[in-house]
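Listed in order, the protein sequences are those of chains F and S. For the first sequence, my numbering begins at 1 and goes up steadily by one. For the second sequence, my numbering begins at 583 and goes up steadily by one. Even for Gly, the Cβ is constructed at its ideal location relative to N, Cα and C. Here's the structure we're looking at; comments come further down.
2 protein chains.
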Amino acid sequence: MAESSTNPVPPPAQAPAESPSAEGGEDSASISKKAAKKAEAKAKKEAEKARRAAERAAAATASSAAAQAEDLAKDNYGQETHETKFSTDAVEINLKTLNDEHLGKKVELRAWIQNARMQGAKMAFVELREEGNWAIQGVIAASPEGTPVSRQMVKWVGAINPESFVVVEGTVQKPLEPVKSCRVSNYELHITKCFIHAAAPAMLGMTLAAANRPIANFSDEEVPVEQGVEKLSIASASEATGTPAASMLTHLDNIVMHKRSAVQQAIADIRSEMKELFRSYLRSHGFKEFEPPCLIGAASEGGANVFRLPYFEKEAYLAQSPQFYKQMEIAGGRKRVFSIGPVFRAENSNTPRHMTEFTGLDMEMEIKRDYREVLHMLEGVLLHIFRNIKERCADEIALVRSVYPSEDFLLPEPGKEVRLTFAEGQKLLREEGPEEYRNVSDDEDMSTPQEKALGALIRKKYNTDFYTLDKFPEGARPFYAKEDPTNRKVTNAYDLFMRGQEICSGGQRINDPVELEARIRTKGLDPGSPGLKEYVDVFRQAGVPAHGGGGIGLDRVVAWYLNLPSVHLAAYYPRTPKRLLP
Amino acid sequence: MAESSTNPVPPPAQAPAESPSAEGGEDSASISKKAAKKAEAKAKKEAEKARRAAERAAAATASSAAAQAEDLAKDNYGQETHETKFSTDAVEINLKTLNDEHLGKKVELRAWIQNARMQGAKMAFVELREEGNWAIQGVIAASPEGTPVSRQMVKWVGAINPESFVVVEGTVQKPLEPVKSCRVSNYELHITKCFIHAAAPAMLGMTLAAANRPIANFSDEEVPVEQGVEKLSIASASEATGTPAASMLTHLDNIVMHKRSAVQQAIADIRSEMKELFRSYLRSHGFKEFEPPCLIGAASEGGANVFRLPYFEKEAYLAQSPQFYKQMEIAGGRKRVFSIGPVFRAENSNTPRHMTEFTGLDMEMEIKRDYREVLHMLEGVLLHIFRNIKERCADEIALVRSVYPSEDFLLPEPGKEVRLTFAEGQKLLREEGPEEYRNVSDDEDMSTPQEKALGALIRKKYNTDFYTLDKFPEGARPFYAKEDPTNRKVTNAYDLFMRGQEICSGGQRINDPVELEARIRTKGLDPGSPGLKEYVDVFRQAGVPAHGGGGIGLDRVVAWYLNLPSVHLAAYYPRTPKRLLP
Chain F
1 MAESSTNPVP
11 PPAQAPAESP
21 SAEGGEDSAS
31 ISKKAAKKAE
41 AKAKKEAEKA
51 RRAAERAAAA
61 TASSAAAQAE
71 DLAKDNYGQE
81 THETKFSTDA
91 VEINLKTLND
101 EHLGKKVELR
111 AWIQNARMQG
121 AKMAFVELRE
131 EGNWAIQGVI
141 AASPEGTPVS
151 RQMVKWVGAI
161 NPESFVVVEG
171 TVQKPLEPVK
181 SCRVSNYELH
191 ITKCFIHAAA
201 PAMLGMTLAA
211 ANRPIANFSD
221 EEVPVEQGVE
231 KLSIASASEA
241 TGTPAASMLT
251 HLDNIVMHKR
261 SAVQQAIADI
271 RSEMKELFRS
281 YLRSHGFKEF
291 EPPCLIGAAS
301 EGGANVFRLP
311 YFEKEAYLAQ
321 SPQFYKQMEI
331 AGGRKRVFSI
341 GPVFRAENSN
351 TPRHMTEFTG
361 LDMEMEIKRD
371 YREVLHMLEG
381 VLLHIFRNIK
391 ERCADEIALV
401 RSVYPSEDFL
411 LPEPGKEVRL
421 TFAEGQKLLR
431 EEGPEEYRNV
441 SDDEDMSTPQ
451 EKALGALIRK
461 KYNTDFYTLD
471 KFPEGARPFY
481 AKEDPTNRKV
491 TNAYDLFMRG
501 QEICSGGQRI
511 NDPVELEARI
521 RTKGLDPGSP
531 GLKEYVDVFR
541 QAGVPAHGGG
551 GIGLDRVVAW
561 YLNLPSVHLA
571 AYYPRTPKRL
581 LP
Chain S
583 MAESSTNPVP
593 PPAQAPAESP
603 SAEGGEDSAS
613 ISKKAAKKAE
623 AKAKKEAEKA
633 RRAAERAAAA
643 TASSAAAQAE
653 DLAKDNYGQE
663 THETKFSTDA
673 VEINLKTLND
683 EHLGKKVELR
693 AWIQNARMQG
703 AKMAFVELRE
713 EGNWAIQGVI
723 AASPEGTPVS
733 RQMVKWVGAI
743 NPESFVVVEG
753 TVQKPLEPVK
763 SCRVSNYELH
773 ITKCFIHAAA
783 PAMLGMTLAA
793 ANRPIANFSD
803 EEVPVEQGVE
813 KLSIASASEA
823 TGTPAASMLT
833 HLDNIVMHKR
843 SAVQQAIADI
853 RSEMKELFRS
863 YLRSHGFKEF
873 EPPCLIGAAS
883 EGGANVFRLP
893 YFEKEAYLAQ
903 SPQFYKQMEI
913 AGGRKRVFSI
923 GPVFRAENSN
933 TPRHMTEFTG
943 LDMEMEIKRD
953 YREVLHMLEG
963 VLLHIFRNIK
973 ERCADEIALV
983 RSVYPSEDFL
993 LPEPGKEVRL
1003 TFAEGQKLLR
1013 EEGPEEYRNV
1023 SDDEDMSTPQ
1033 EKALGALIRK
1043 KYNTDFYTLD
1053 KFPEGARPFY
1063 AKEDPTNRKV
1073 TNAYDLFMRG
1083 QEICSGGQRI
1093 NDPVELEARI
1103 RTKGLDPGSP
1113 GLKEYVDVFR
1123 QAGVPAHGGG
1133 GIGLDRVVAW
1143 YLNLPSVHLA
1153 AYYPRTPKRL
1163 LP
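So this is what it looks like as structure tokens:
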């Protein structure tokens, strides 16, 4: 569909402008011999030059004449324009659904050339990729009579720049032996027409092979030592295959090739299915989706790490969590709600675990008898995701593992979910953890390395990578966390973990305004301050039932499930303190 | 679950503190007789007073003694605490699924008291609401033997403040005649236990009845005359019922009651189902969901109406549309993508049609042969939404109409979608439109009143409220719109309309970097400027197939489908230049 004014149609019998010419010789190496032989050499060289020029001129005349007179295939290839004629009787195919019924049929395929090579002068092979890693081998061979395929056409097709988008016609055939290099191994496409729909440059900023390698470094960020070690070992493993791995920076600067890589498409598919599993599970359990605002009028949680912006005559903030709005939905008469959307943290953390914008999967529900109803729902939805993703995305998971190796994500058997209290977790760490991580305090949260060490202990002891720590100490939770009425040192709040890393925080909220106001004061905050006042007022407007909820970081769930070296690989467009592009 | 430290448990046999006492007589009318009879009257009065005081004292002693000795129901009501005991054999019910199998059974219901009234001294009626407008009539009558229900208990229940949340036990019975005031009309609940879980204040900021009335004015905004007229007529119609209507400001200041209203819950349900219908239709057509970023590094469309914010050492912008990111997904090898998420406009428009944050339903797809493939997909998904919502949300639509009257939304018959070119639309308006709107220009977009007038003409002529204007003039579309290769005055771009108002803009995009750069220059922009440069570069990275897409404003679809007086009613938390709360 490119147009002639800005993208003139090349004569069909000519290779794409940017591709290296496969024709003609080159001048000899530059003259660098000693002075004595200089004159002789020069004379020889110029003679040779003249001879070659004469040859070329003759060849060009012959070839030009041949092209005019003999290229009987000239209408079957070239740059596509809006006037290009395609066969009306060709069946459009889709590589995923290609089957024996297509054998011998005339078909049309729209695809990227991911590889093209000549096999002698009369035949070329091209790999045609549709989406993800779905590719088929295309074969083009010159017909003895010069039509539908001429030698010129074969040469032209064999020289198409990789990652150009083409429209191809041909017939589906069985290959002599299964094609190892393509996902479609039991069919090949015998090409009779080929048009370039959109050309790629001769030199890609990053090749597909490089894009499919594990990322070697995340250099625009300070990588903490522990993750750095993980990444280096992966990077060196990959280098064994010869294609050099690129940095995250190179990937983001070449976003198109980054996204075309099979590994990124597989990650994107897994992410999108996980989101759908979250949504469908909650919908089937009576949850209603709603949308909290991103622009808010007050920094409700004290104002740390919050983005501020001028908003007409006022100031606005970007929401760090939809929690207060989820609670407002419950106060407003909803029994169960969920939301999926962006949340923002203005935290200057340059690690592979942090981003400034990420996707929150949030839910909130009325509690009938026990705060654990919420915990069980959170466990339920996550287990639903983990159990189903394994089947729905088996191919994609295998593909990601071929680039980023990982062990199977261990799940508890149904009914045997691992739920330790925070105190029990600390006891385990104190008694059986590595010496350097045993120093845990009763009323403070653990450090990330301590959590990871505990995760390893739990994996060993309970054979699961997914578990809960319940009853967090009062001091480790925010003002809205409901205290356990039978033991005020702890709260009805919990964290859920994957491979020793927190992916979900939740619990029961205080629903009584008097109790809430008292807790806000206890925490040293002012219940009359902007944001907090409006929050407490919600519970004064009318009676609000007991409720609780949790927030899950989608990016982390994807990254930790696949054991990716950075959460940035799980995001579509990762946002970090140093990076807002692409 | 409220706790004693901050919310002391009241003695069970006492009415909630804020409720008016239903007990005891009153002093006689004030003395205003003439002087002559003053002394006599006074003497009489004081004697009477003394007599009554003596009576009251005796009654109080007796009643207090009775309360201590005789309130055999005292464990069956009061403020709920974490120590409150409920029956373990009661079946939890849900009003939506209540059926004859529950008749005579002991059940438990958690609900809001939406109305309570005494019927004599021994009986009270309460309306118990679960969610939306699902309510059942509760009946409580004193048992002759004082247990399980005493007179004190009846009085206490009959005096509970509306919008308090209660836990009730009782048996399901058939009422003598259908209960007209409740949605559950063929059952009633005979209450034997009742605990206040969370009390509402004695005086609500807005009653449920007021919240269910159509909103009378949108006073923190300047309402254009045309909409003002619509709204006034609705408002006055509503006032016939006696309950005064509240302003949008009052609604937002009383967000809890606003959301508890049946009409807002119905709108929320319709919105959430429309979103789900959009998603499921596109998924079933091979579209993959992705998430574009909100924080972006450059204001890509020239910087007008864009929110800016400090971002560490840089500046960031809030995305006005996910379009460039959708295109990047296509460039990155996806065939079809969609996204659902917030978009932002820093436009100081204070009208019922505008918000600064709203929800975009966006899609983008590869084009195989014709740009209309995208148009048909957009029509397809919208028709899917309109046809299915009518069945899925029939009750909710009827409920909304009972508050905001509207005519049926007319749809074209399958296969008879109305698609006029922009030029045809203008011709229709010029030839048959109202005199004042006939003055349309060939290469400029129409004004909102002109569009509405055209919508009325199309409704009359084609019997549909949903239609497309295609082939917009080049001058009315942005730089990325693909020109019609056979007529460069127009573009392969279109708008979709509901009741004469645009709800979706879409079309084919330029996919050739040379053509794109030329168009950017033609539009007087600099292809090397921040944002535009990165955009054009995407198409230089590798060959990108022809593609197109469209963006639908969810808030507007909901509002215009239901003919609401303002798009703010369709949003969960409307954001306007003057309002960031709640």
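For S:Lys1105, there is no enclosing beta strand (DSSP E), as DSSP marks it with neither H nor E.
Taking a contact to require three or more Cβ pairs closer than 8 angstroms, the stretch 898-907 of chain S and the stretch 922-935 of chain S qualify as touching. Straight through space, the alpha carbons of S:Phe889 and F:Tyr311 are spaced by roughly 8 angstroms. S:Ala792 has a beta carbon lying at 8 angstroms or more from every beta carbon in chain F. Sorting S:Ser866, S:Ser862 and S:Tyr907 by C-alpha distance to the C-alpha of S:Ile878 places S:Tyr907 at the top.
When secondary structure is reduced to three states using DSSP, S:Ser1087 falls in the strand class.
If you draw a straight line from the Cα of S:Asp1137 to the Cα of S:Thr941, it is about 7 angstroms long.
Beta bridge pairing from DSSP links F:Glu127 with F:Asn115 and F:Gln137. Annotation: the continuous alpha helix (DSSP H) that includes S:Gly1037 extends over Thr1030 to Tyr1044. Residues of chain F whose Cβ lies closer than 9 angstroms to the Cβ of S:Val1120 are, in chain order, Ile255, Val256 and Pro582. In this structure, F:Lys106 sits near F:Thr171, with a CB-CB distance shorter than 8 angstroms. Flagged as an interface residue toward chain F: S:Leu877, by a C-beta distance shorter than 8 angstroms.
In this structure, F:Tyr281 lies away from F:His376, with their beta-carbon atoms at least 8 angstroms apart. Chain-ordered, the chain F residues with CB closer than 8 angstroms to the CB of S:Lys896 read Leu580. Flagged as an interface residue toward chain F: S:Ser746, by a C-beta distance shorter than 8 angstroms. Taking 8 angstroms as the cut-off, the Cβ atoms of S:Pro934 and S:Pro1147 count as close. DSSP, read as helix, strand or coil, puts S:Phe800 in coil.
Against chain S, the CB of F:Met328 has a partner CB under 8 angstroms away; the residue lies at that interface. Annotation note: the stretch 722-780 of chain S contains the following uninterrupted alpha helix (DSSP H) runs of length 4 or greater, listed N- to C-terminal: 733-740. Residues of chain F whose Cβ lies closer than 9 angstroms to the Cβ of S:Ala913 are, in chain order, Ile255, Val256, Lys259 and Arg260.
Taking all protein chains in view, the Cβ of F:Ser284 is surrounded by fewer than 16 other Cβ atoms within 10 Å, so the residue is classified as exposed.
Straight through space, the alpha carbons of F:Arg521 and F:Pro214 are spaced by roughly 50 angstroms. Counting only runs that start and end inside the stretch 362-398 of chain F, there is no beta strand (DSSP E) element of at least 3 residues. By the criterion of a C-beta distance shorter than 8 angstroms, S:Gly1015 is surrounded in its chain by Gln1032, Ala1035, Leu1036 and Leu1039, once the five residues flanking it on both sides are discounted. Bounds of the alpha helix (DSSP H) holding S:Met910 are Gln905 to Ala913. In the three-state DSSP reduction, S:Ala782 falls in the coil class, being neither helix nor strand. Residue F:Ala124 holds the alpha-carbon nearest to the alpha-carbon of F:Gln152 among F:Ala124, F:Gly132 and F:Val558. Residue pairing by DSSP places S:Asp1027 opposite no residue, since no beta bridge is assigned to it. Taking 7 angstroms as the Cβ-Cβ cut-off, the stretch 1073-1103 of chain S approaches chain F at Asn1093, Asp1094, Val1096, Glu1097 and Ala1100, given in chain order.
Here DSSP, grouped into helix, strand and coil, assigns S:Glu690 to strand. Boundaries of the beta strand (DSSP E) around F:Thr421: Arg419 to Thr421. DSSP, reduced to helix, strand and coil, places F:Thr359 within a strand of the structure shown. With a cut-off of 8 angstroms on Cβ pairs, the stretch 1067-1086 of chain S is in contact with the stretch 1049-1059 of chain S, counting three or more such pairs.
Against F:Thr356, the close residues of chain S are Leu877, in the order they occur along the chain (beta-carbon pairs closer than 7 angstroms). Burial of F:Ser339 is indicated by the presence of at least 16 other C-beta atoms within 10 angstroms of its C-beta.
F:Gly132 is positioned such that its CB atom lies no closer than 8 angstroms to that of F:Ala246.
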